[in-house]
Amino acid sequence: MTEKKTRRARKTQTNSIVEDIGPWSEIKLEIIKRYAEKYSKILTKQPGLHHAYIDAFSGPGVHRSRTTGEHVKGSPLNARLVNPPFEHYYFIDVDEDKTSFLQDIIGDEPDVSIYTRDCNIVLREDILPRFAYENFWKALCLLDPYGLDLDWEVIQTAGETRSVEVFINFPIHDINRNLVRTNPKEIKDAQLERMDRFWGDRSWYPLLYEKSNDLFGEELESRIAVANAVLPRTYLQRLKGVAGFSHVSGPLAMRNKTGAVVYYMFFASNKLVAKDIVDYIFNKWGNT
Ligand SMILES: C[S@@+](CC[C@H](N)C(=O)[O-])C[C@H]1O[C@@H](n2cnc3c(N)ncnc32)[C@H](O)[C@@H]1O
Numbered sequence: 004m005t006e007k008k009t010r011r012a013r014k015t016q017t018n019s020i021v022e023d024i025g026p027w028s029e030i031k032l033e034i035i036k037r038y039a040e041k042y043s044k045i046l047t048k049q050p051g052l053h054h055a056y057i058d059a060f061s062g063p064g065v066h067r068s069r070t071t072g073e074h075v076k077g078s079p080l081n082a083r084l085v086n087p088p089f090e091h092y093y094f095i096d097v098d099e100d101k102t103s104f105l106q107d108i109i110g111d112e113p114d115v116s117i118y119t120r121d122c123n124i125v126l127r128e129d130i131l132p133r134f135a136y137e138n139f140w141k142a143l144c145l146l147d148p149y150g151l152d153l154d155w156e157v158i159q160t161a162g163e164t165r166s167v168e169v170f171i172n173f174p175i176h177d178i179n180r181n182l183v184r185t186n187p188k189e190i191k192d193a194q195l196e197r198m199d200r201f202w203g204d205r206s207w208y209p210l211l212y213e214k215s216n217d218l219f220g221e222e223l224e225s226r227i228a229v230a231n232a233v234l235p236r237t238y239l240q241r242l243k244g245v246a247g248f249s250h251v252s253g254p255l256a257m258r259n260k261t262g263a264v265v266y267y268m269f270f271a272s273n274k275l276v277a278k279d280i281v282d283y284i285f286n287k288w289g290n291t
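By the count of this note's numbering, the sequence shown reaches residue 291 at its end, each step adding exactly one.
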């Protein structure tokens with residue numbers, strides 16, 4: 004291939020990997036960046052403790068801003084620039100094009116591990132067990148899926164370590180699109196199963212649908228008129244009561260141009276000081 008053709012091929016590949024992001028994603032990136040700086044500063048000063056950054060839905064490391072048309076750094080590259088640095092970085096994405104792109108940008112570095120795998124498996128089986136409380140390793144973990152791609156078991160495992168703090172994006176847009184119907188019988192089984200995996204069980208269902216009887220005594224199921232926020236508020240209770248995180252910030256509503264909520268952001272930790280810092284950062288972008 005001539006050099007010109009190679010350049011063109013690379014540009015085409017870059018255009019298909021680098022995705023456009025809306026203003027809400029830029030706010031998310033800013034929130035994570037700000038907290039990661041504070042976290043790393045605090046952890047670096049703790050003698051005998053080590054700290055890592057885990058980006059479980061890492062993407063390729065670069066996006067294009069819909070607002071400016073310019074390239075912007077994604078969450079993994081922002082994390083690499085945190086000063087003082089984390090002692091180790093774990094980046095995971097299921098898409099090989101994205102992880103190769105990220106690997107090319109970062110190069111081979113001894114403090115970086117990049118996985119092309121389903122993060123729900125690699126986190127539970129390989130990465131999170133390294134952060135067992137007695138190992139003196141702490142981690143900040145970003146769980147930033149597009150939709151219902153995060154398994155509750157990951158949250159449960161992270162909570163059990165008592166050493167891992169998590170940012171979670173709660174994908175209300177995906178839920179509204181695939182699980183909210185006037186007649187719940189129209190919901191596809193595959194979608195019910197995705198939601199169960201995300202939520203941990205089917206206790207979300209009665210928050211959306213109720214049973215009643217029609218005039219002839221036939222049982223009906225119909226949608227409860229609920230505000231968007233009932234599910235995330237209940238999820239917050241699960242983060243505390245089921246996964247065992249002592250302190251949770253959020254839900255912070257991330258809205259698109261028309262004001263619709265794209266996702267809610269949560270932060271869960273076992274340290275009150277961590278929650279206080281994140282509350283302060285979240286407050287800059289409004290309330291729920
Ligand atoms: C919202 S993007 C991440 C953006 C990135 N955190 C940032 O802010 O720069 C979600 C990413 O998750 C990846 N993904 C989807 N399902 C996944 C899974 N089960 N395991 C790992 N990555 C997954 C997609 O390929 C996509 O790159």
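The beta-carbon is built from N, C-alpha and C at its ideal position, and this holds for glycine as well. Keep in mind the model is a prediction, meaning the values are calculated, not measured.
With hydrogens ignored, establish whether the beta-carbon of residue i is closer than 7 Å to any heavy atom of ligand 1.
{"i": "PHE60", "result": "yes"}
{"i": "ASP217", "result": "no"}
{"i": "PRO235", "result": "no"}
{"i": "LEU131", "result": "no"}
{"i": "SER225", "result": "no"}
{"i": "LEU242", "result": "no"}
{"i": "VAL21", "result": "no"}
{"i": "ASP199", "result": "no"}
{"i": "ILE2", "result": "Residue 2 is absent from the structure shown; the chain starts at 4 and stops at 291."}
{"i": "PRO148", "result": "yes"}
{"i": "SER272", "result": "no"}
{"i": "SER116", "result": "no"}
{"i": "ASN123", "result": "yes"}
{"i": "ASP98", "result": "yes"}
{"i": "ASP152", "result": "yes"}
{"i": "HIS176", "result": "no"}
{"i": "SER78", "result": "yes"}
{"i": "LEU32", "result": "yes"}
{"i": "LYS101", "result": "yes"}
{"i": "HIS66", "result": "yes"}
{"i": "LEU145", "result": "yes"}
Does the beta carbon of residue i fall short of 7 Å from some heavy atom of ligand 3?
{"i": "HIS74", "result": "As far as ligands go, the structure on display features ligand 1 and does not contain ligand 3."}
In the DSSP output, which residue or residues are listed as bridge partners for residue i?
{"i": "ILE57", "result": "TYR93, CYS144"}
{"i": "HIS250", "result": "SER272"}
{"i": "GLU22", "result": "HIS66"}
{"i": "LEU52", "result": "None; LEU52 has no bridge partner."}
{"i": "LEU182", "result": "DSSP lists no partner for LEU182."}
{"i": "VAL264", "result": "ARG258"}
So residue i is in the alpha helix (DSSP H); what residue range does that whole segment cover?
{"i": "VAL233", "result": "233–244"}
{"i": "LYS41", "result": "26–47"}
{"i": "VAL157", "result": "155–164"}
Determine the extent of the beta strand (DSSP E) in which residue i is found, giving its start and end residues.
{"i": "LEU223", "result": "222–226"}
{"i": "SER68", "result": "65–68"}
{"i": "ILE171", "result": "167–173"}
{"i": "SER215", "result": "212–216"}
{"i": "VAL75", "result": "74–76"}
Check whether the region 168–177 touches the region 138–158, taking contact to mean three or more Cβ pairs, one atom from each stretch, closer than 8 Å.
yes
Contact between the region 206–225 and the region 256–272: three or more CB pairs below 8 Å?
no
What are the uninterrupted segments assigned as alpha helix (DSSP H) that are 4 or more residues long and contained completely in the region 97–151, given in chain order?
99–109, 122–125
Can we say the region 105–118 touches the region 131–141, given the rule of at least three CB pairs closer than 8 Å?
Because the criterion of three Cβ pairs below 8 Å is not met, the region 105–118 and the region 131–141 do not touch.
Would you call the region 112–127 in contact with the region 23–40, where contact means no fewer than 3 C-beta pairs closer than 8 Å?
no
Determine, using beta-carbon pairs with one atom in the region 31–47 and one in the region 281–290, whether at least three such pairs fall under 8 Å.
yes
Curious, which full-length alpha helix (DSSP H) runs of at least 4 residues does the region 185–212 contain?
192–202, 208–211
May I ask you to verify whether the region 83–96 touches the region 58–74, counting CB pairs closer than 8 Å and requiring at least 3?
Contact between the region 83–96 and the region 58–74 is present, because at least three Cβ pairs lie under 8 Å.
Cβ contact (3+ pairs, closer than 8 Å) linking the region 229–239 and the region 187–199
no
contact_flag[the region 150–157, the region 71–84] where n(CB pairs < 8 Å) is 3 or more
no
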